[in-house]
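Quick note on the working numbering: the sequence shown kicks off at 3 and runs consecutively. A short write-up of the structure that comes next.
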Amino acid sequence: MRSQSAMPATAPVGLADKLAALADPRSPRGRRHSLASVLLCALCAMLAGARHLRAIGQWADAAPQHTLPRPGSAHRPVPGNHPPRPARPGP
């Protein structure tokens with residue numbers, strides 16, 4: 003029988019923390035949400051039954067705003083990112 007003292011005493015790490023530690027391969031230009039929040043939304047959509055990219059996008063689009071803060075993606079753009087500027091009317 004193994005003694006309890008042989009087990010490492012580390013604090014559990016959540017999935018969001020693990021995903022936040024991933025390097026983001028996307029270009030900084032145009033990012034609206036962190037990679038972790040995008041992956042968490044995709045995971046939530048897949049757990050809800052989405053099986054392809056279009057279904058994941060539809061789930062994220064239809065998700066109520068009160069559910070999106072949990073994975074960290076509700077109207078909280080990546081710092082330093084600015085929304086696209088409206089096109090200027092031509093002369």
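We treat Cβ as the ideally placed atom computed from N, Cα and C, and that holds for glycine.
Can you tell me whether DSSP reads residue i as helix, strand or coil?
i     : result
Gln67 : coil
Gly32 : coil
Ala57 : helix
Ala52 : coil
Ala25 : coil
Val15 : coil
Would you mind giving the Cβ-Cβ distance between residue i and residue j, rounded to the nearest angstrom? I have them listed as a contact below 8 Å.
i      : j     : result
Ala101 : Ala57 : With the chain represented from 3 up to 93, any question about residue 101 goes unanswered, as that position is not in the structure.
Would residue i be called buried (16 or more neighbouring beta carbons within 10 Å of its own) or exposed?
i     : result
His35 : buried
Leu55 : exposed
Leu70 : buried
Which residues in the same chain have their Cβ closer than 6 Å to the Cβ of residue i, if we skip the five residues on either side of it in sequence?
i     : result
Leu21 : Ala38 and Leu41
Arg26 : First, the amino acid is wrong: residue 26 is Asp here, not Arg. Excluding sequence neighbours, Asp26 sits near Leu37.
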